[in-house]
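Quick notes on the structure that follows.
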Amino acid sequence: MSHLYHRHFMIIYMTDRKKFNGIYANLIVEYVKFKQAQGFKFEGIERCLERFDKFASDRGGETIGISKDLADAWSAPFPLESEKSRYCRISLLRGFSAYLQTLGYTSYIPVIPKLQNHFIPHIYTNQELYAIFRECDKLTLDKHFLHSSKCVIPTLIRVLYGTGIRISEAIKLIHSDVDFDKGLIKLRESKNGQDRIVPMSLSLREVCKDWVAYKQKMGIPVDADSPLFTAADGHRISHSTINHIFRTILQRAGIGHGGRGHGPRLHDLRHTFCVNSLVKLSEAGMDLYYSMPILMTYMGHKCLESTNNYVRLTQEMFPHVTIKMDNAYQCIFPEMNSNLIDEEEI
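When we follow our numbering, the leftmost residue of the sequence shown carries the number 150, and every step to the right adds one.
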């Protein structure tokens, strides 16, 4: 019901969008260009702000500058709207209102409600990963050989798990982004608009070399600017196609799926990589919270809070990691005298 409602709303909105030109129209265009110049993608953001522009106009707004009443009205839940969608709407208005303030307008900045994230990622066990890789290797090309993406799956899934990169980042890779000699992959314009470099293990390096050799054997382009991960005809693969094939792999591997919006998912390979990385860092003697900046930089997270979620998940799933660190530091940080604490509190 919710999906149908939003689809119907967007059809109406996109029709109105061509005709509408509110008081914030030019400022919205300037704001989007300003954020993009800072490295933010801001894809689809302009549509949401134009929606706010129409919302303000419908309420009789004629003066530039967002009032508290207008911000509160915009921040109220929309019918059939998810908590996350509402959070994003208010966040966008905060940014735009702050931009108006820099231009000298009096504009109220709304308070962002606390977003309750109830989603718990699926962390694949070693047995599940073994079953996934086994089913990937058993895939065979069907009669639509030239358009099939199955040939790339064994390598792609291993790269996603072995590096923790996003599927969107993997799809954009070209051959010149991979340095087999140094074992490095360069990711360009990732989710947060930043380039970064991720290493490959020796075994993953060999897997990728085998994939390139297979492409050469099949006559698929491997020049510097051609896509690394392609279908059998050399065309770039799509996110939706890989998701569909991965769903089949999960089913064949005996890993149950909870349906749309529930795990396990392809992106959970990234979650699994993060948790396993934290476990390895901890077992190497590094405190989980000291590991956060390292993992944050590697994963391309924008803030520590995103990485901190993995720390909490790791502590819940692998309590022995926390116990090990407590044992390591119990002699360094002595217990405080309880009587002294009571006296200070008084």
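Cβ atoms here follow ideal geometry from the backbone N, Cα and C, with glycine treated the same way.
Could you spell out the range, first to last residue, of the beta strand (DSSP E) harbouring residue i?
i	result
Val-531	Given a span of 150 to 495 for the chain in the structure shown, any question on residue 531 remains unanswerable.
Ile-334	333-336
Could you check the C-alpha separation between residue i and residue j for me, to the nearest Å?
i	j	result
Tyr-363	Val-181	43 Å
Arg-419	His-388	15 Å
Gly-193	Ile-258	21 Å
Ala-402	Ile-443	33 Å
Leu-305	Ile-316	9 Å
Val-301	Lys-263	41 Å
Ile-177	Thr-255	16 Å
Glu-338	Asp-344	5 Å
Glu-232	Ala-222	16 Å
Thr-446	Ile-213	39 Å
Met-474	Ser-426	Bear in mind that the predicted position of Met-474 carries a pLDDT of just 43, short of 50, making it unreliable; the figure below should be weighed with that in mind. Distance between the alpha carbons of Met-474 and Ser-426: 16 Å.
Phe-422	Met-448	10 Å
Leu-353	Gln-250	50 Å
Looking at the strands, I want to know which residues DSSP matches up with residue i.
i	result
Val-327	Ile-334
Pro-376	Ile-323
Leu-385	Note on identity: in this sequence residue 385 is Arg, with Leu being the wrong assignment. The partner list for Arg-385 (beta bridge, DSSP) reads Thr-379.
For a quick check, are the C-beta atoms of residue i and residue j less than 8 Å apart?
i	j	result
Ile-346	Lys-335	yes
Leu-309	Lys-299	no
His-324	Asp-372	yes
Arg-243	Ile-269	no
Thr-456	Met-435	no
Ile-172	Gly-210	yes
Ile-281	Arg-385	no
Tyr-459	Val-424	yes
Phe-378	Leu-322	yes
Asp-202	Ala-174	yes
Ile-404	Gly-383	no
Where does the unbroken alpha helix (DSSP H) through residue i begin, and where does it stop?
i	result
Lys-233	232-251
Leu-353	351-366
Glu-277	275-286
Asn-170	Note, Asn-170: premise wrong, no alpha helix (DSSP H); not H, not E.
Lys-429	417-432
Lys-217	217-224
Leu-229	No alpha helix (DSSP H) holds Leu-229; DSSP gives it neither H nor E.
Pro-303	302-312
Arg-200	194-207
Distance cutoff 8 Å, beta carbons only. Does residue i sit that close to anything in chain C?
i	result
Asn-392	Chain labels in this structure do not include chain C; a single protein chain is all it has.
Tell me whether the stretch 230-242 and the stretch 196-206 touch, counting them as touching only if at least three CB pairs, one residue from each stretch, are closer than 8 Å.
yes
For the stretch 392-401 against the stretch 323-332, are there 3 or more C-beta pairs whose distance is under 8 Å?
no
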